[in-house]
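If you're matching positions, the sequence shown starts at 1489 in our numbering and goes up one per residue.
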Amino acid sequence: MSAIPVSAAPDKVKIPREIWVLIASAFVIALGFGLILPVLPQFAQSFGVGATASSIVVSAFAFFRLVFAPVGGRLIARMGERPIYLAGLVIVAISTGATAFAQTYWQLLLFRGVGGIGSVMFTVSAVALMVRLAPPSIRARVSSVYASAFLFGGILGPVVGGLLGNLGLRVPFIVYAVALLLAAALVGVFLSGSSLRPAEGAPVLPVMTVHDAWRDSAYRASIASAFANGWANFGVRAAILPLFAAVVIGKEPWVAGMALAVFAAGNAVGLTVAGRMSDRLGRRPFIIGGLLVSGVATAVTGFATDLPTLVVLSVVAGFGAGALNPAQQASLADVVGRERNGGPALAAFQMSADTGAIIGPILAGLLIDYGSYPLAFGTTGLITLLAVIPWLRARETHEVTRAS
1489 MSAIPVSAAP DKVKIPREIW VLIASAFVIA LGFGLILPVL PQFAQSFGVG
1539 ATASSIVVSA FAFFRLVFAP VGGRLIARMG ERPIYLAGLV IVAISTGATA
1589 FAQTYWQLLL FRGVGGIGSV MFTVSAVALM VRLAPPSIRA RVSSVYASAF
1639 LFGGILGPVV GGLLGNLGLR VPFIVYAVAL LLAAALVGVF LSGSSLRPAE
1689 GAPVLPVMTV HDAWRDSAYR ASIASAFANG WANFGVRAAI LPLFAAVVIG
1739 KEPWVAGMAL AVFAAGNAVG LTVAGRMSDR LGRRPFIIGG LLVSGVATAV
1789 TGFATDLPTL VVLSVVAGFG AGALNPAQQA SLADVVGRER NGGPALAAFQ
1839 MSADTGAIIG PILAGLLIDY GSYPLAFGTT GLITLLAVIP WLRARETHEV
1889 TRAS
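Next up, the structure:
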């Protein structure tokens, strides 16, 4: 598979209108999701369970995403991205609203888990659309702007969620359900189905299977880094950091919200830097650097004893994760290209991240219940650092041509 050369100055290429609609929707989704992050572990523990059981609530969401990912990919191929995207948002909205009224731990586990089905539907739909619609020379910038929308929502969401948690642990879930319905309305109104269909008579794109993609060293490395990223940043950070903040720093929900918000702020800075620079300098430097920075900062987080230290470590870890994500997504898009339907390969990538998000919180919860927080965060940091190894041998997917 050949790399795609840069044929035009990236700054002069505009982001398509359809992607801007997805970006606006991403902000609304992230704003709502950020509302529940500070309170979800404490809400689970309100039913009298420990750290392991509360972490399983986060893993259940990822488990349903993992199981449903192949089905979601086939539904997208059959029905198109837009209807599956909208259906996914509505499913998560309904499950989140039901979560707010859960009366037992098992109801909470079920309602939150079912939301994973809708989540993978709109996530894979959005990724498939961006791979197909983003001009090759600005793939990292598109990924950065899209991820930044999530992060800006993620910066505001945990702070507001922590404050809403003071009104009751169920309130943020109701607000999140409403936010998801607003996002669905936004996409339904402004993203026309006709603009996403291939032109009449256009050839059907051949499918890139997982077997085809696996022959590319960059794809194999992406699977490893996706697993580590899912483990650390989608799993352990969401499930364990709020508990750690409550036990070590302070029990008020705003403390956990602050730690998550500054992680998102650091992430936004990393996204901005890597989103533009990796289109000029290549993908691998930012992927490897991001994994190293994020891994080290995560490993030492468990030793924080006060809020300023936790804030600094969260910012640094967020910056590393932010540098990783747009370069990783752009490298994956380079591998797939615009000439093939990458549905199966993209679904496998997403499944790798979800697998990490399932295993990470459960193992971290066990390490906390039978060990300590430093052991849980140290193990998570080590997993992130190990993901550097395959990238040291992977090819650079983006052939950079320096144009004046």
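Quick reminder that beta carbons are idealized off the backbone N, C-alpha and C, glycines included.
Here the structure is a predicted model, which is why all the values come from computation and not from measurement.
Look at the alpha carbon of residue i and the alpha carbon of residue j, and state the distance between them as a whole number of angstroms.
i       : j       : result
SER1710 : PHE1722 : 16 Å
VAL1537 : LEU1769 : 48 Å
GLY1790 : PHE1865 : 5 Å
ILE1517 : GLY1561 : 21 Å
ALA1756 : VAL1750 : 10 Å
GLY1733 : SER1542 : A small fix is needed here, since residue 1733 is Ala in this sequence, not Gly. Looking at the two C-alpha atoms, the distance is approximately 15 Å.
ALA1450 : VAL1823 : Past the edges of the chain, shown from 1489 to 1892, lies residue 1450, and the structure says nothing about it.
PHE1661 : LEU1863 : 31 Å
GLY1810 : ILE1564 : 28 Å
SER1631 : GLY1763 : 7 Å
ALA1875 : PHE1521 : 27 Å
GLY1783 : ALA1727 : 17 Å
ARG1570 : ALA1671 : 13 Å
ARG1890 : LEU1759 : Interpretation of ARG1890 is limited by its pLDDT of 41, a score under 50 that renders its predicted location unreliable; the figure taken from the coordinates is listed afterwards. If I take the Cα positions, the gap works out to 22 Å.
GLY1585 : TYR1664 : 8 Å
ALA1714 : THR1786 : 16 Å
ALA1532 : LEU1731 : 11 Å
LEU1781 : LEU1812 : The residue you asked about is not Leu; residue 1781 is Val in the sequence shown. Spanning the two alpha carbons is a distance of roughly 10 Å.
ALA1729 : ILE1871 : Here the sequence assigns Leu to residue 1729, which means Ala is not the residue at that position. Approximately 17 Å between the Cα atoms of the pair.
LEU1851 : VAL1612 : 26 Å
VAL1546 : ARG1620 : 31 Å
ALA1712 : LEU1820 : 12 Å
ALA1833 : SER1705 : 14 Å
ALA1673 : VAL1633 : 21 Å
PHE1535 : PRO1529 : 11 Å
PHE1599 : ILE1524 : 14 Å
VAL1580 : THR1697 : 29 Å
PRO1493 : ASN1717 : In this predicted model, PRO1493 has a pLDDT of only 41, less than 50, meaning its place in the structure is not dependable enough to derive any value.
GLU1506 : GLY1645 : 25 Å
ILE1856 : GLY1848 : 12 Å
ALA1792 : LEU1510 : 37 Å
Should residue i go down as buried or exposed, given a rule of 16 or more other Cβ atoms within 10 Å for buried?
i       : result
ARG1881 : exposed
ASP1794 : exposed
SER1860 : exposed
MET1618 : buried
TYR1707 : buried
MET1567 : exposed
TYR1593 : buried
GLY1656 : exposed
PHE1610 : buried
ARG1725 : buried
ILE1877 : exposed
VAL1559 : exposed
VAL1677 : exposed
VAL1675 : buried
By Cβ distance, which residues of its chain are closer than 8 Å to residue i, with the 5 residues on each side in sequence left out?
i       : result
SER1766 : ALA1628, PRO1773, PHE1774, PRO1814, ALA1815, ALA1818 and HIS1886
VAL1501 : PRO1623, SER1625 and ILE1626
PHE1515 : ALA1637, PHE1638, PHE1640 and GLY1641
To which residues of the same chain is residue i closer than 6 Å at the C-beta, ignoring the five residues directly before and after it?
i       : result
ALA1557 : VAL1608, ALA1835, GLN1838 and MET1839
GLY1754 : VAL1803, GLY1806 and PHE1807
GLU1884 : GLY1770 and ARG1772
ILE1572 : LEU1563, ILE1564, MET1609 and SER1613
GLY1853 : ALA1539, THR1540 and SER1543
SER1682 : In this prediction, SER1682 scores a pLDDT of 46, lower than 50, which makes its location untrustworthy; no coordinate-derived value is stated.
Please work out which residues of its chain come closer than 7 Å, Cβ to Cβ, to residue i, disregarding the five sequence neighbours upstream and downstream, and give them in chain order.
i       : result
LEU1554 : MET1839, ASP1842, THR1843 and ILE1846
GLY1601 : ALA1548, PHE1549, PHE1551 and PHE1552
VAL1788 : LEU1801
ALA1635 : LEU1759, ASN1813 and PRO1814
With H, G and I counted as helix, E and B as strand and the rest as coil, what does DSSP make of residue i?
i       : result
GLY1810 : helix
SER1802 : helix
GLY1656 : coil
GLY1561 : helix
HIS1886 : coil
THR1789 : helix
PHE1535 : coil
THR1843 : helix
VAL1501 : coil
ALA1514 : helix
LEU1668 : helix
VAL1527 : coil
SER1860 : coil
ALA1818 : helix
GLY1641 : helix
LEU1851 : helix
THR1868 : helix
ASP1700 : helix
ALA1875 : coil
What I want to know is whether the C-beta of residue i ends up closer than 8 Å to one or more non-hydrogen atoms of the ligand COA.
i       : result
VAL1677 : In the structure shown, the ligand COA is absent, as is every other ligand, since no ligand is present at all.
Using a Cβ cut-off of 9 Å (strictly closer), state whether residue i contacts chain C.
i       : result
THR1872 : Among the protein chains of the structure shown there is no chain C, as only one such chain exists.
message: So within the stretch 1586-1632, which uninterrupted alpha helix (DSSP H) runs reach at least 4 residues, ignoring any that extend past its ends?
response: 1593-1621
query: Can you give, in chain order, each stretch of the beta strand (DSSP E) that sits fully within the stretch 1754-1786 and has at least 3 residues?
result: none
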